[in-house]
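Student: Chains A and B are the protein sequences, given in the same order.
Quick note: the first sequence uses this note's numbering, first residue 11, plus one each step.
Quick note: the second sequence uses this note's numbering, first residue 11, plus one each step.
There's a structure below that I have some questions on.
Protein chains: 2
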Amino acid sequence: MKTGQATIKDIARELNLSASTISRALKDYPGISSETKRKVKEVAEKLNYRPNAIALSLRNSRSYTIGVIIPEVVHFFFSTVVSGIEEIAHSRGYNVILTQSNEKMEREVSSIETMLSNQIDGVLVSYSKDTTTFDHFTNVLEEGFPLVFFDRVPTIPNAISVLVDDYQGAFDATTHLIGQGFQHIVHLSGPENLKLSKDRENGYRDALKKNGMKVNPSHIISCPFGSVEESRKIVSEILTSLPERPDAFFCCNDSSAVGAMMACRDAKLKIPLEVGIVGFSDWQFCTMLEPQLSSVYQPGFLMGAKATEILIDIIEKKLDPKTMEHSLVLETNLIERASSKRF
Amino acid sequence: MKTGQATIKDIARELNLSASTISRALKDYPGISSETKRKVKEVAEKLNYRPNAIALSLRNSRSYTIGVIIPEVVHFFFSTVVSGIEEIAHSRGYNVILTQSNEKMEREVSSIETMLSNQIDGVLVSYSKDTTTFDHFTNVLEEGFPLVFFDRVPTIPNAISVLVDDYQGAFDATTHLIGQGFQHIVHLSGPENLKLSKDRENGYRDALKKNGMKVNPSHIISCPFGSVEESRKIVSEILTSLPERPDAFFCCNDSSAVGAMMACRDAKLKIPLEVGIVGFSDWQFCTMLEPQLSSVYQPGFLMGAKATEILIDIIEKKLDPKTMEHSLVLETNLIERASSKRF
DNA sequence: TAATAAACTGCAAACGTTTGAATAGGGCAA
DNA sequence: TTGCCCTATTCAAACGTTTGCAGTTTATTA
Chain A
11 MKTGQATIKD IARELNLSAS TISRALKDYP GISSETKRKV KEVAEKLNYR
61 PNAIALSLRN SRSYTIGVII PEVVHFFFST VVSGIEEIAH SRGYNVILTQ
111 SNEKMEREVS SIETMLSNQI DGVLVSYSKD TTTFDHFTNV LEEGFPLVFF
161 DRVPTIPNAI SVLVDDYQGA FDATTHLIGQ GFQHIVHLSG PENLKLSKDR
211 ENGYRDALKK NGMKVNPSHI ISCPFGSVEE SRKIVSEILT SLPERPDAFF
261 CCNDSSAVGA MMACRDAKLK IPLEVGIVGF SDWQFCTMLE PQLSSVYQPG
311 FLMGAKATEI LIDIIEKKLD PKTMEHSLVL ETNLIERASS KRF
Chain B
11 MKTGQATIKD IARELNLSAS TISRALKDYP GISSETKRKV KEVAEKLNYR
61 PNAIALSLRN SRSYTIGVII PEVVHFFFST VVSGIEEIAH SRGYNVILTQ
111 SNEKMEREVS SIETMLSNQI DGVLVSYSKD TTTFDHFTNV LEEGFPLVFF
161 DRVPTIPNAI SVLVDDYQGA FDATTHLIGQ GFQHIVHLSG PENLKLSKDR
211 ENGYRDALKK NGMKVNPSHI ISCPFGSVEE SRKIVSEILT SLPERPDAFF
261 CCNDSSAVGA MMACRDAKLK IPLEVGIVGF SDWQFCTMLE PQLSSVYQPG
311 FLMGAKATEI LIDIIEKKLD PKTMEHSLVL ETNLIERASS KRF
């Protein structure tokens, strides 16, 4: 035993057999005497033999590994999705190799490159806020490489995607605020290059219209970063600058909702009496706030699990990207809590 | 072009050259005519050639991939650490393959198995709450396999580890509470099989002693799950059951600190006037709470980065596990916020 | 006893790449 | 014409595994 792992050849040498016999013995092939099998297994055990997955990958051109590209790990929603991905991947015998783009398109491109070099069997992607062109995806799609988008999905032909019903979630949230008697509902909207931002904004718009309220363009305010600080600042300004003080905020995510809460508190406005607030995602901390934050729940774990199932089904040819449904839309669920409930 | 990626052989066939020439041409070896190099590169480009990292791994017995085993991805601290790991790994040309143990020892064992099969170059581990024996680690350590522990580190010989100064953090937090005039400080302690739980408890004990206060065993209460619900329940009970009502809580993590806050609020106790609370980790949401939660900051990103640097240095033989420092202790930093500041 | 089947085991090629050693071809000098 | 040295290229083996086919025993049957 020189350096490192014992191989099939080491076992073969030890027993004066050929490598092929060892291979077959270990896999309980017929045509190998049980005596030999016994001995082989014994020696394998003794040498602490472990099959070399790399050699297998090379031979089978299959690595049983899937790649995941997400904007950030330190993000409640994405880490939840990753959890779902892990769960299914491992139960089906796949490894997960993870990279985060840190919201940089450049990173996304290089990640996909190295993943392809590593003979990944398929990729799951949620693209970055910084991504404006999609050639790095369309190229691999055209080669017929298994690729599934989740949450942040591009509008490119033939892309398979798993997402939540952002429109409906936004619609429900806005309708709820209206139902609670709020009149001047502001929407803090997300990054413009994400389809989900548009969907959420449209849900907001349609809910207003449906309830006979008109959409005031100055009530739709862009929060591209979606951070607490950004929205706190923006909301503070709005509270004084607008001719009529807004009395509710439907926010594109929970961080900006927290920022809005803080700004309202700074302005001595009572939540939910004077201002109602609803976020999006239902992060962990929603129930830790005072008052608890209403939010639109997104099934992150389920999304990861479903996307992975679909990806692996494509890899294993149980699904055909040509004929299958192109997008799976999961239901959102408005969680009404104190921050928006007047009665 | 049959199925999938172009290989060196495809280029060779196209140009009527041998594989070795192609290989050398692509790497700008001397002894290949520049004319040939030009043509080779041109065809490589045309065929969208990408070197097969698997084949390289097999040949070099190096995969340029490191494995990471953490208890949970959906955990602010661990995801921050992962972020640091990713950063360094990628900058040094390594991939990261991630698994979560979900706090199950069994998962940890199987993860390590499959990682070794995949010819991982090294592993970073933070072990699960469920882990009681460490054979799965000592075995690979004895084989001389590169392995670095972070945050949750076992007390086994020759283990290399990166951790924070849990003792000092706890000491500082407790001292701070004492300095704010709190008299009956309860410690919600963590899972018993984690060394960090012991360290934090000892920091708490020593801070009391140093200030001439005696350690009351009934003031050290186990919160093995460290969840909001668990601690809310436990603290609610304590507030009434103990002969003297506790007036401060030093909690093993931020979730249990939130639970303690909630329990105090339920009991109509004013924070920090009547009760002081300090958590551990300084999670994102500390500043979102009302009052903001004091907590001991742990440098998660830095921890991930340092652990990865050390691991890769070991892999690349720039560090020798036999002679190097066995543990790197990072400083914690008490962040004093409203939840514990009376003046 | 010889032919034949049955039961085991070995050979060699393949996956894609690298690399030390070998070879082919050409030019040049003696 | 022979010998020699470049230069440009090819050969072959190796990494660890699998697998169709061929080979070698041994036992069975006529």
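Backbone N, C-alpha and C define an ideal beta-carbon position, used for all residues, glycine too.
Given the structure is predicted, the values throughout are model-derived calculations rather than measurements.
1) Under 7 Å, CB to CB, which of the residues in the stretch 40 to 68 of chain B have a partner in chain A?
2) Run through DSSP, which three-state label would A/Asn128 get?
3) Please report the Cβ distance between B/Val119 and B/His146, rounded to the nearest whole angstrom; I am assuming they are in contact, meaning their Cβ atoms lie under 8 Å.
4) Just grab the DSSP bridge partners of B/Asn343 for me.
5) B/Gly236 and B/Cys262: beta carbons closer than 8 Å?
6) Excluding the five sequence neighbours on either side, which residues of its own chain have a C-beta within less than 6 Å of the C-beta of A/Lys139, listed in chain order?
7) Could you please give me the residues that DSSP links to A/Gln110 through a beta bridge?
8) Would you mind telling me which residues of chain B sit closer than 8 Å to A/Thr342, beta carbon to beta carbon, in chain order?
9) Taking the beta carbon of B/Lys12 as the centre, do at least 16 other beta carbons fall within 10 Å, making it buried, or is it exposed?
10) For B/Ala258, does the three-state DSSP call read helix, strand or coil?
11) Taking buried to mean at least 16 other C-beta atoms within 10 Å of its own C-beta, is B/Arg193 buried or exposed?
12) Return the chain-ordered list of same chain residues with a C-beta closer than 6 Å to the C-beta of B/Ile322, the five sequence neighbours on each side being excluded.
13) In chain order, what residues of the same chain have a beta carbon less than 6 Å from the beta carbon of B/His197, not counting five sequence neighbours either side?
14) Which partner residues does A/Phe159 have in the DSSP bridge list?
15) Could you tell me whether any Cβ in chain B is nearer than 8 Å to the Cβ of A/Met298?
16) If I'm right that A/Ala273 touches A/Val288 with Cβ under 8 Å, what's the distance once you round it to whole angstroms?
17) My understanding is that A/Phe88 touches A/Met313, with C-beta atoms under 8 Å, so please give their C-beta distance in whole angstroms.
18) Quick check on this structure: which residue in B/Pro234, B/Ala180 and B/Thr143 has the alpha carbon closest to the alpha carbon of B/Ile195?
19) Find the residues of chain A that neighbour B/Leu198, judging by a C-beta separation of less than 9 Å, and give them in chain order.
20) Could you name the residues of the same chain whose beta carbon sits closer than 7 Å to that of B/Ile325, not counting the 5 residues immediately before and after it, in chain order?
21) With which residues is B/Phe290 paired in a DSSP beta bridge?
22) In three-state terms, what does DSSP make of A/Thr90?
23) Can you tell me which residues form a DSSP beta bridge with B/Thr250?
24) Straight-line CA distance for B/Pro282 to B/Ser350?
25) Is B/Lys12 close to chain A, meaning its C-beta is less than 8 Å from at least one C-beta of that chain?
26) Using three-state DSSP, classify B/Val119 as helix, strand or coil.
27) Just checking: is the beta-carbon of A/Ser93 within a distance shorter than 8 Å of some beta-carbon in chain B?
28) Considering Cα atoms alone, identify which of A/Pro164, A/Thr109 and A/Gln110 is closest to A/Leu206.
29) Can you confirm whether B/Thr185, when its beta carbon is compared against all beta carbons of chain A, has any partner nearer than 8 Å?
30) Helix, strand or coil, according to DSSP, for B/Ser337 in the structure here?
Tutor: Taking the definition as stated:
1) From the stretch 40 to 68 of chain B, only Arg60, Pro61, Asn62, Ala63, Ile64, Ala65, Ser67 and Leu68 have a Cβ closer than 7 Å to chain A.
2) As a working note, residue 128 of chain A is residue 118 in the first sequence. The answer is coil: DSSP assigns A/Asn128 none of H, G, I, E or B.
3) Counting from one through the second sequence, the residue named residue 119 of chain B turns up at place 109. Counting from one through the second sequence, the residue named residue 146 of chain B turns up at place 136. Correct: roughly 5 Å between the Cβ atoms.
4) Start at 1 with the first residue of the second sequence, and residue 343 of chain B comes out as number 333. Note: B/Asn343 sits in a beta bridge opposite B/Tyr307.
5) Residue 236 of chain B sits at position 226 when you count from the first residue of the second sequence. Residue 262 of chain B sits at position 252 when you count from the first residue of the second sequence. For the 8 Å CB-CB criterion, B/Gly236 and B/Cys262 form a contact.
6) In the first sequence, residue 139 of chain A corresponds to position 129, counting from 1. Excluding sequence positions up to five before and after A/Lys139, its CB lies within less than 6 Å of the CB of Glu113 and Pro201, all in the same chain and listed in chain order.
7) As a working mapping, residue 110 of chain A is identified with position 100 in the first sequence. According to DSSP, A/Gln110 bridges with A/Ile80.
8) Walking along the first sequence from the start, residue 342 of chain A turns up at place 332. Proximity of chain B to A/Thr342 at the Cβ level (cut-off 8 Å) is not reached, the minimal Cβ distance being about 19 Å.
9) Numbered from 1 along the second sequence, position 2 holds the residue referred to as residue 12 of chain B. Confidence is the limiting factor: at B/Lys12 the pLDDT is only 38, short of 50, which leaves the residue's position unreliable, though a coordinate-based value still follows. B/Lys12 comes out exposed.
10) Position 248 of the second sequence, counting from 1, holds the residue named residue 258 of chain B. Under the three-state reduction of DSSP output, B/Ala258 falls in the strand class.
11) For the purposes of this step, residue 193 of chain B is taken as the residue at position 183 of the second sequence. The sequence given here has Gln at residue 193 of chain B, not Arg. Residue burial is scored here from C-beta neighbours: B/Gln193 has fewer than 16 other C-beta atoms within 10 angstroms and is therefore classed as exposed.
12) Mapped onto the second sequence, residue 322 of chain B falls at position 312. Excluding sequence neighbours, B/Ile322 sits near Arg102.
13) Counting from one through the second sequence, the residue named residue 197 of chain B turns up at place 187. Hits under 6 Å: Tyr214, Ile230 and Phe260.
14) Residue 159 of chain A sits at position 149 when you count from the first residue of the first sequence. According to DSSP, which records beta bridges pairwise, A/Phe159 is partnered with A/Val135 and A/Ser171.
15) The count along the first sequence starts at 1 and reaches residue 298 of chain A at position 288. Chain B, which has a Cβ nearer than 8 Å to the Cβ of A/Met298, makes this yes.
16) Along the first sequence, one-based indexing puts residue 273 of chain A at 263. Along the first sequence, one-based indexing puts residue 288 of chain A at 278. The beta-carbon separation of A/Ala273 and A/Val288, rounded to 15 Å, does not stay under the 8 Å limit for a contact.
17) To locate residue 88 of chain A, count along the first sequence from 1; it is residue 78. To locate residue 313 of chain A, count along the first sequence from 1; it is residue 303. Between the beta-carbon of A/Phe88 and that of A/Met313 there is about 10 Å, and that puts the pair past the 8 Å contact cut.
18) What you label residue 195 of chain B is simply residue 185 of the second sequence in a count that begins at 1. Nearest neighbour of B/Ile195 by Cα position, chosen from B/Pro234, B/Ala180 and B/Thr143, turns out to be B/Ala180.
19) One-based indexing of the second sequence puts residue 198 of chain B at position 188. The contacting residues do not exist; B/Leu198 stays about 16 Å from chain A at best.
20) Numbered from its first residue, the second sequence carries residue 325 of chain B at position 315. Apart from the 5 residues on each side of it in sequence, B/Ile325 sits with its Cβ closer than 7 Å to the Cβ of Asp131, Gly132 and Pro156 in its chain, given in chain order.
21) For this step, residue 290 of chain B is matched to residue 280 along the second sequence. The partner list for B/Phe290 (beta bridge, DSSP) reads B/Val306.
22) Translated into the one-based positions of the first sequence, residue 90 of chain A becomes position 80. Helix at A/Thr90.
23) For the purposes of this step, residue 250 of chain B is identified with residue 240 of the second sequence, where counting begins at 1. The partner list for B/Thr250 (beta bridge, DSSP) is empty, contrary to what the question assumes.
24) Here residue 282 of chain B refers to the residue found at position 272 when the second sequence is read from its first residue. Here residue 350 of chain B refers to the residue found at position 340 when the second sequence is read from its first residue. Roughly 5 Å between the two C-alpha positions.
25) Start at 1 with the first residue of the second sequence, and residue 12 of chain B comes out as number 2. Residue confidence for B/Lys12 is low, a pLDDT of 38 falling below 50, so the modelled location carries little weight; the figure read from the coordinates is stated next. Judged by the 8 Å Cβ criterion, B/Lys12 is not in contact with chain A.
26) Translated into the one-based positions of the second sequence, residue 119 of chain B becomes position 109. In this structure, B/Val119 counts as helix in the three-state DSSP scheme.
27) In the first sequence, residue 93 of chain A corresponds to position 83, counting from 1. A/Ser93 counts as touching chain B.
28) Residue numbering aside, residue 206 of chain A sits at position 196 when the first sequence is read from its first letter. Nearest option by C-alpha distance: A/Pro164.
29) If you number the second sequence from 1, residue 185 of chain B lands on position 175. Interface criterion not met: the Cβ of B/Thr185 is under 8 Å from no Cβ in chain A.
30) The count along the second sequence starts at 1 and reaches residue 337 of chain B at position 327. Secondary structure of B/Ser337 (DSSP, three-state): strand.
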